[in-house]
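Peer 1:
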Amino acid sequence: MTPVIASRRRMVTAMAAALLAGAAGVRIASAQQERVVRILARRFTYSPDKITLARGVPVVLALESADVLMGFSVPDFGVRADIIPGQVTRVRIVADKAGTFPFLCDIFCGSGHESMSGTITVVG
Amino acid sequence: MSKSIDRRQFIQLAGLAGVVFASGPGRALGQAPAAGSEEFYFLQMSDSHWGFEGPPYPDAKGTLRKAVAAVNALDDPPDFIVFTGDLTHTTDDPALRRMRLAQVRDIVAELRVKDVRFMPGEHDAAADRAEAYQEFFGDTHYTFDHKGVHFIALDNVSDPRALIGDTQLQWLEADLRQQPADANIVVLTHRPLFDLYPQWDWATRDGKQAIDLLMPHRNVTVFYGHIHQEHHRMTGHIAHHAAKGLMFALPVAGSQPQRNPVPWDASQPYRGLGFRDVEADPHKATFDLHEFPVVAKV
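Line order of the protein sequences matches chains L and Y.
At position 53 of the first sequence the residue is numbered 53 (the numbering used here), and the sequence of numbers has no breaks.
Positions in the second sequence are counted from 1; adding 124 to them yields the numbering used here.
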C-alpha cells in the first residue's frame, strides 16, 4: 500500500505542479501577448500623439518623460498616471467603446501645457 | 470714464434679467439671519490673462482696462470685487511673470472700489507654486465675512497637479466646523470643483473632497472661473457658477475636438467676455446674478 500512497501523493503533487505551471504559463503568455505602446512625453507634446487601439483588447502604455514631471490622463477610460523623468510608467488600458477620445497632460508643465494632448481612436 | 452707468437701468435696458439662485432650501420664515445681515452686491471678474498675445484676440492689451473703466462707470459701486484667477497668462520666464503680475496690480489699482479679493489661476501660480503671485497678491487661500455671508477662497491651482491638497482641505474642514449648518457660505475658486470636463482639464482632482466637506451646510454657492464662459451646475444642493473671462472666450465643453479659443468676431467684438454682478440677500440665502459685457451697448 505504501508505494501506492506514495504514488498517489506524487501524482497529486505532479498534477498540482502542472496546474500551477499551466496557470503561470497562461499569465506569462497573456502578458507577452499584450501589445505595448511606447509614448514619449516632452514639453509640450506626446509622441505619438495619435494612437489606434482595438476595442476590448488590453494594451500596455509605456510612458516616459524626456524632461519634467508630466501627467497622462484618459478621462473617458478612467486611466491616469504621473510620468516621472527617468522612469518608465506602465498603465494598462482596455478601451471598451469605439470612437476617438482625448488624452492630455494633467500636471501643469509650462507655457505650452494647455496644448499638450493627443487622441486615442478605438476601432472594432 | 466720463459717463456713469445707472446699474439698475442698465440691467433693465440690456435685458439682463437676473437669475436668482438659492443654493439650498434657503432660510425658513422666522429663522433669523446672522447679525449684520443686509442686502449687498459684489462683482466677479475673472481670467484677464494679461500677457496673452495671438491672432485669436486682437485687443489683448485693451480689454482689462475696458473692464476696469466699465466697473468704474457704475453709479452704484459694489461692496467689493472678487477676481477668480488667471490674472496673467503663463510664461516660463520668472521675470516676465512678475512683470505681468505687477502690471495687473497697477491696472486693477485704477478701480474706484478698493476692496478687491484676488485668487490665483494656474496661469499665475502653477509654474512656481504661487511664489511670484504671493509677492504681489498675498495669500492664495483665506476667508472673510461680509454682511452675514462667509466667504472662502480656495486654491486649486498652485499645486501643478490641480489639487487642493490635504493641508488646505484640513484647513477648510476646520473653518467649516466653526460655521452653523445654515450659514450663508460662498466659495471662491478658479477651477471647477466638480468634473465639468476633465478631457479639457476642467476639473479639480480632489475637488470632490471639498464638496463633501461643504455638503452638510445647507446654503453654499461656488463662484469660479477657468472656463471663460457662463456656466451653472448643481452638485446636490450646492450651486456652482462659472464666470465669463476678460480675454478670449472658450467653447462649450466637448463642442469641438480642441478647446481652442472662440475666434474673434469683428461684427460682434468682445462677444463672450464680461463680468458678473452678484446681488446677495442673506435673509433669503439667495444670489441674483447679472452678466455684464466689457463694452456696454445700450
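Cβ atoms here follow ideal geometry from the backbone N, Cα and C, with glycine treated the same way.
(1) Out of Y/233, Y/130, Y/352 and Y/310, which has the shortest C-alpha to C-alpha gap to residue 339 of chain Y?
(2) Would residue 353 of chain Y count as contacting chain L if we go by Cβ distances under 8 Å?
(3) In this structure, does DSSP put residue 25 of chain L in helix, strand or coil?
(4) What do you get for residue 327 of chain Y, buried or exposed, if any count of 16 or more other CB atoms within 10 angstroms of its CB means buried?
(5) Run the proximity test for residue 399 of chain Y: is its beta-carbon closer than 7 Å to any non-hydrogen atom belonging to the ligand ADP?
(6) Could you name the residues that DSSP lists as bridge partners for residue 355 of chain Y?
(7) In chain L, which residues lie less than 7 Å from residue 286 of chain Y when you measure between Cβ atoms?
(8) Interface residues of chain L around residue 325 of chain Y at Cβ under 8 Å?
(9) Express the C-alpha separation of residue 261 of chain Y and residue 252 of chain Y in angstroms, rounding to a whole number.
(10) Quick one: what's got a C-beta closer than 8 Å to residue 49 of chain L's C-beta in the same chain, skipping five residues either side?
(11) What residue does the alpha helix (DSSP H) around residue 249 of chain Y start on, and which one ends it?
(12) Please check the pair residue 248 of chain Y and residue 369 of chain Y, which I expect to be a contact at CB under 8 Å, by giving their CB distance rounded to whole angstroms.
(13) Please state the DSSP three-state secondary structure of residue 182 of chain Y.
(14) Alpha carbons only, please: which of Y/343, Y/203, Y/243 and Y/238 is nearest the one belonging to residue 212 of chain Y?
(15) Using a Cβ-Cβ cutoff of 7 Å, what residues of the segment 248-269 of chain Y are near chain L? List them in chain order.
(16) May I ask you to list the residues that DSSP assigns as paired with residue 72 of chain L?
(17) With distances taken between CB atoms, is the gap from residue 313 of chain Y to residue 346 of chain Y smaller than 8 Å?
(18) Identify the residues that DSSP records as bridge partners of residue 168 of chain Y: which are they?
(19) Whose CA, out of Y/304, Y/294 and Y/361, lies closest to the CA of residue 333 of chain Y?
(20) Give the secondary structure of residue 14 of chain L by DSSP, where H, G and I count as helix, E and B as strand, and everything else as coil.
(21) Give, in chain order, every unbroken run of the beta strand (DSSP E) that is at least 3 residues long and sits entirely within the segment 283-335 of chain Y.
(22) In three-state terms, what does DSSP make of residue 220 of chain Y?
(23) In this structure, how does DSSP classify residue 376 of chain Y when only helix, strand and coil are distinguished?
(24) Is there contact here, the segment 219-232 of chain Y with the segment 357-364 of chain Y, by at least three beta-carbon pairs under 8 Å?
(25) For residue 190 of chain Y, which of helix, strand or coil comes out of DSSP?
(26) Check for me: the alpha helix (DSSP H) holding residue 260 of chain Y runs from which residue to which?
(27) At what residues does the beta strand (DSSP E) containing residue 39 of chain L begin and finish?
(28) With 8 Å as the C-beta to C-beta threshold (strictly closer), list the residues of the segment 214-234 of chain Y near chain L in chain order.
(29) Indicate the three-state DSSP secondary structure (helix, strand or coil) for residue 132 of chain Y in the structure shown.
(30) Is it the case that the Cβ atoms of residue 195 of chain Y and residue 225 of chain Y are separated by a distance below 8 Å?
(31) Let me make sure I understand the geometry here. Which of L/63, L/124, L/35 and L/106 has the alpha-carbon closest to that of residue 250 of chain Y?
Peer 2: Here's the rundown:
(1) Your numbering for residue 339 of chain Y matches position 215 in the second sequence. Comparing Cα positions, the closest option is Y/310.
(2) Stepping through the second sequence from its first residue, residue 353 of chain Y is reached at position 229. No, residue 353 of chain Y does not count as interfacial toward chain L.
(3) Taking the first sequence and counting its residues from 1, the one referred to as residue 25 of chain L is at position 25. Any reading at residue 25 of chain L must be qualified, since the residue scores a pLDDT of 38, below 50, and its modelled position is unreliable; the value itself is stated next. Reduced to three states, the DSSP call for residue 25 of chain L is helix.
(4) As a working note, residue 327 of chain Y is residue 203 in the second sequence. Buried, because 16 or more other Cβ atoms sit within 10 Å of the Cβ of residue 327 of chain Y.
(5) Absent from the structure shown: the ligand ADP. Ligands present: none.
(6) Within the second sequence, residue 355 of chain Y is the residue found at index 231, counting from 1. Bridge partners of residue 355 of chain Y: Y/366.
(7) One-based indexing of the second sequence puts residue 286 of chain Y at position 162. Those within 7 Å of residue 286 of chain Y in chain L are 106.
(8) Numbered from its first residue, the second sequence carries residue 325 of chain Y at position 201. Those within 8 Å of residue 325 of chain Y in chain L are 104, 106 and 114.
(9) As a first step, residue 252 of chain Y is located in the second sequence; it is residue number 128 there, counting from the start. As a first step, residue 261 of chain Y is located in the second sequence; it is residue number 137 there, counting from the start. The straight-line gap from Cα to Cα measures roughly 15 Å.
(10) Taking the first residue of the first sequence as position 1, residue 49 of chain L is located at position 49. These residues qualify, in order along the chain: 117, 118 and 119.
(11) The residue you call residue 249 of chain Y lines up with position 125 of the second sequence. Residue 249 of chain Y -> alpha helix (DSSP H) spans 246-249.
(12) Indexing the second sequence from 1 puts residue 248 of chain Y at position 124. Indexing the second sequence from 1 puts residue 369 of chain Y at position 245. Not a contact, Cβ separation roughly 14 Å.
(13) Here residue 182 of chain Y is taken as the residue at index 58 of the second sequence, counted from 1. Coil.
(14) Stepping through the second sequence from its first residue, residue 212 of chain Y is reached at position 88. Checked all of Y/343, Y/203, Y/243 and Y/238; the closest Cα to residue 212 of chain Y is Y/243.
(15) 250 and 251
(16) One-based indexing of the first sequence puts residue 72 of chain L at position 72. Answer is L/81, bridged to residue 72 of chain L.
(17) Against the second sequence, residue 313 of chain Y aligns to sequence position 189. Against the second sequence, residue 346 of chain Y aligns to sequence position 222. Yes, they are a contact pair.
(18) Position 44 of the second sequence, counting from 1, holds the residue named residue 168 of chain Y. DSSP lists Y/206 and Y/400 as partners of residue 168 of chain Y.
(19) Within the second sequence, the letter at position 209 stands for residue 333 of chain Y. The candidate whose alpha carbon is nearest that of residue 333 of chain Y is Y/294.
(20) Looking up residue 14 of chain L in the first sequence gives position 14. Note that residue 14 of chain L has pLDDT 46, beneath the 50 cutoff, so the model's placement of it is unreliable and no number is given.
(21) 308-312
(22) If you number the second sequence from 1, residue 220 of chain Y lands on position 96. In this structure, residue 220 of chain Y counts as helix in the three-state DSSP scheme.
(23) Residue numbering aside, residue 376 of chain Y sits at position 252 when the second sequence is read from its first letter. In this structure, residue 376 of chain Y counts as coil in the three-state DSSP scheme.
(24) no
(25) Within the second sequence, the letter at position 66 stands for residue 190 of chain Y. The answer is helix: DSSP assigns residue 190 of chain Y an H, G or I state.
(26) Within the second sequence, residue 260 of chain Y is the residue found at index 136, counting from 1. 255-261 is the extent of the alpha helix (DSSP H) around residue 260 of chain Y.
(27) For this step, residue 39 of chain L is matched to residue 39 along the first sequence. Its beta strand (DSSP E) spans residues 35-42.
(28) 214, 215 and 216
(29) Start at 1 with the first residue of the second sequence, and residue 132 of chain Y comes out as number 8. Correct three-state label for residue 132 of chain Y: helix.
(30) Here residue 195 of chain Y is taken as the residue at index 71 of the second sequence, counted from 1. Here residue 225 of chain Y is taken as the residue at index 101 of the second sequence, counted from 1. Not closer than 8 Å, so no.
(31) To locate residue 250 of chain Y, count along the second sequence from 1; it is residue 126. The shortest Cα separation from residue 250 of chain Y among L/63, L/124, L/35 and L/106 belongs to L/106.
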